[in-house]
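**Student:** Taking my numbering, the leading residue of the sequence shown gets 808, the next gets one more, and so forth.
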Amino acid sequence: MRSPTPSADELKDVALANRILAREGVLDGYGHLSARCHDDSACYLIADRTPPGNVREHNIFPWTLDDEPAGHTHPTYTERFIHGQIYRARPDVGGIVHCHAPELIPYGAGGPPLRPIYHMAGFQGVEPLPIFEIRAEFGLDTDMLIRTRPQGESLARALGDRAIVLMRGHGATIAASSVRQAVYFAVYAVMNARILTQTLLLGGKPTYINASEGRNVANVMRDASRTWDYLSAQIPG
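1. Alpha carbon to alpha carbon, how far is R843 from C850? Give it in angstroms, no decimals.
2. To the nearest angstrom, how far is the alpha carbon of P918 from that of A982?
3. Would you kindly check if the distance between the Cβ of V986 and the Cβ of G860 is under 9 Å?
4. Take E1020 as the anchor and find which of H926, S810, A916 and S841 has the nearest alpha-carbon.
5. Decide yes or no for the touch test of the region 935-951 against the region 857-872: beta carbon pairs closer than 8 Å, at least 3 of them.
6. Given that a residue counts as buried once 16 or more other Cβ atoms are within 10 Å of its Cβ, and exposed if not, what is T1034?
7. For the candidate residues L852, A1018 and T812, whose alpha-carbon lies nearest to that of E934?
8. Check whether the region 951-964 touches the region 884-895, counting contact only when three or more Cβ pairs, one atom from each stretch, lie closer than 8 Å.
9. Using 10 angstroms around the beta-carbon of Q1041, count the other beta-carbons present and answer buried if the total reaches 16, otherwise exposed.
10. Which residues bound the alpha helix (DSSP H) around P913?
11. What residues are listed by DSSP as bridge partners for V972?
Structure follows, in structure tokens:
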């Protein structure tokens, strides 16, 4: 197939987003981030297995929504199926983060439902975040990684039209309209989980963000530009 030609700005944003999320502790050495290609919505950009904190523009290559390389022979992460299958299922999605942030793990593994307690996480919606349980569909002898297209499709179904799906014992996957918005969503999703945990440990009874509050803040923060400008300015060239 024709290989998309990402612009310098696209490559810069994907590389910078990786390093921002590594610095913020959202991505570890195994998490990953992608962006739908601007000039070909049937492809996405993702790094070549490089740890997120080390990603630069030369590490990023296009992949198809079948999770195959688009005109190159470079590798990428084992769990690329997360990305291709969510982009296929959700035409509105332009950026995806898959993370293993420890703050999110308890809420996907039997903890209380995860809802927004912090106004900056109002984009999550008022209902508890969905939880993906891989063994429910693929059996007890399946490991926890999304290694195949059917597993990616199953995760996309669990996500539905939400911004975040928790993955039991694994982490979370975050979907947004752009890679910059995905960074915003990821940072504040982790922060919200941390604040909720602190509230519960203090013995408090959380007062969650209601639908109107969440919707209003989400509208104000839709382009995520202030968060991006603030966080990106802290990343050395």
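Heads up, the beta-carbon is just placed ideally off N, CA and C, and yes, glycines get one too.
**Tutor:** The relevant details are as follows:
1. 6 Å
2. The question names Pro, but residue 918 in the sequence shown is Gly. Going from the Cα of G918 to the Cα of A982 covers about 23 Å.
3. In this structure, V986 does not lie closer than 9 Å to G860 by Cβ.
4. For E1020, the closest alpha carbon among the candidates H926, S810, A916 and S841 is that of H926.
5. no
6. The residue is buried, with at least 16 neighbouring Cβ atoms inside 10 Å.
7. A1018
8. yes
9. exposed
10. I912 to G915
11. T980
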